[in-house]
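Trainee: Mapping of the sequence shown onto the numbering used here: residues 6 to 214, in sequence order. Backbone N, C-alpha and C define an ideal beta-carbon position, used for all residues, glycine too.
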Amino acid sequence: MTSTAFRPAYTVQTARTVLRCWSPADAPLALRAIEANLEHLRPWMEWAKRYPMSVAQQAGQLRRMRGLFDLGQDCAYGVLSRDGSEVLGGTGLHPRVGEGALEIGYWISASHTGRGLATEIAGALTRVAFEVEGVRRVEIHCDPRNVRSAAVARRLGFVHEGTLRQRLVAPDGALRDTMIWTLLVEEYAASPAAATVVEAFDVLGQKLL
């Protein structure tokens with residue numbers, strides 16, 4: 006666990022992407038990517054039902070996300086191309102699964118799926134969670150029907166602990182099951198996630214990982 010006073014990681018670089026804290030200035034790029042993927046997102050992401058929205062409304066949402074990030078309460082990242090010209094998706098480290106643990110969430114634009122990007126970014130955030138944040142457990146949750154998401158967790162060495170039945174409300178209002186995948190700190194070093202190529206930097210640009 007890093008001793009820096011400037012956690013969390015504001016920028017995370019993977020082999021093909023840059024994950025960075027959202028800024029309100031990202032609203033046009035983010036909105037373009039989200040609205041192009043609404044059909045792809047709505048079956049799985051509850052927040053997708055808020056769209057369409059204006060650029061100003063999107064900027065307001067990103068401003069709230071940035072505020073939570075700066076307070077260390079929730080870390081939502083934009084997934085961008087290495088040159089920063091395109092939003093490829095979104096991801097995050099969320100402290101909603103209990104003390105000493107973080108949950109990774111992610112989505113990838115439909116035009117970029119099937120290339121291993123979700124595995125790449127989830128692996129990167131797994132490293133950040135264990136090596137920067139010093140957690141004991143990382144979780145990935147997904148609908149059992151979302152076979153792509155489940156495959157990401159499996160490829161990174163996460164263990165399927167169980168499936169909670171009719172636990173969450175789906176975007177269409179129906180009750181849905183949720184698969185719980187976990188990786189413990191004792192298992193991390195031997196997991197495929199630990200081999201993910203990643204660099205992480207704090208808010209001042211100082212290297213954390």
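Do residue 107 and residue 136 have their beta-carbon atoms positioned less than 8 Å apart in this structure?
Mentor: Counting from 1 along the sequence shown, the entry for residue 136 is found at position 131. Counting from 1 along the sequence shown, the entry for residue 107 is found at position 102. Not closer than 8 Å, so no.
Trainee: In whole angstroms, what is the alpha-carbon distance linking residue 166 and residue 190?
Mentor: Taking the sequence shown and counting its residues from 1, one reaches residue 166 at position 161. Taking the sequence shown and counting its residues from 1, one reaches residue 190 at position 185. Cα-Cα distance, rounded: 15 Å.
Trainee: Which residues in the same chain as residue 126 place their Cβ atom closer than 7 Å to its Cβ, once the five residues preceding and following it in sequence are excluded?
Mentor: Counting from 1 along the sequence shown, the entry for residue 126 is found at position 121. Cβ within range, chain order: 19, 22, 24, 84, 96 and 111.
Trainee: Bridge partners of residue 206, per DSSP?
Mentor: Locating residue 206 in the sequence shown gives position 201, where the first residue counts as 1. Answer is 16 and 212.
Trainee: Quick one: using the 10 Å Cβ neighbour count with 16 as the cut-off for buried, is residue 88 buried or exposed?
Mentor: For this step, residue 88 is matched to residue 83 along the sequence shown. With fewer than 16 Cβ atoms within 10 Å of its Cβ, residue 88 is classed as exposed.
Trainee: Report the rounded CA-to-CA distance for residue 214 versus residue 195, giving the unit in angstroms.
Mentor: Residue mapping note: residue 214 aligns to position 209 of the sequence shown, counting from 1. Residue mapping note: residue 195 aligns to position 190 of the sequence shown, counting from 1. The straight-line gap from Cα to Cα measures roughly 18 Å.
Trainee: So residue 162 packs on residue 188, CB below 8 Å; how close in whole Å?
Mentor: The count along the sequence shown starts at 1 and reaches residue 162 at position 157. The count along the sequence shown starts at 1 and reaches residue 188 at position 183. Rounded, the Cβ-Cβ distance is 6 Å, consistent with contact.
Trainee: Could you tell me which uninterrupted alpha helix (DSSP H) segments, each at least 4 residues in length, are contained entirely in the segment 48-96, listed from first to last along the chain?
Mentor: Fully enclosed alpha helix (DSSP H) runs of 4 or longer: 60-75.
Trainee: Between residue 141 and residue 105, which are expected to be in contact by the criterion C-beta below 8 Å, what is the C-beta distance as a whole number of angstroms?
Mentor: Looking up residue 141 in the sequence shown gives position 136. Looking up residue 105 in the sequence shown gives position 100. About 4 Å separates the two Cβ atoms, so the contact holds.
Trainee: Measuring only the C-alpha atoms, how far is residue 15 from residue 28?
Mentor: Position 10 of the sequence shown, counted from the start, is the residue given in the question as residue 15. Position 23 of the sequence shown, counted from the start, is the residue given in the question as residue 28. Straight-line Cα distance between these residues: approximately 11 Å.
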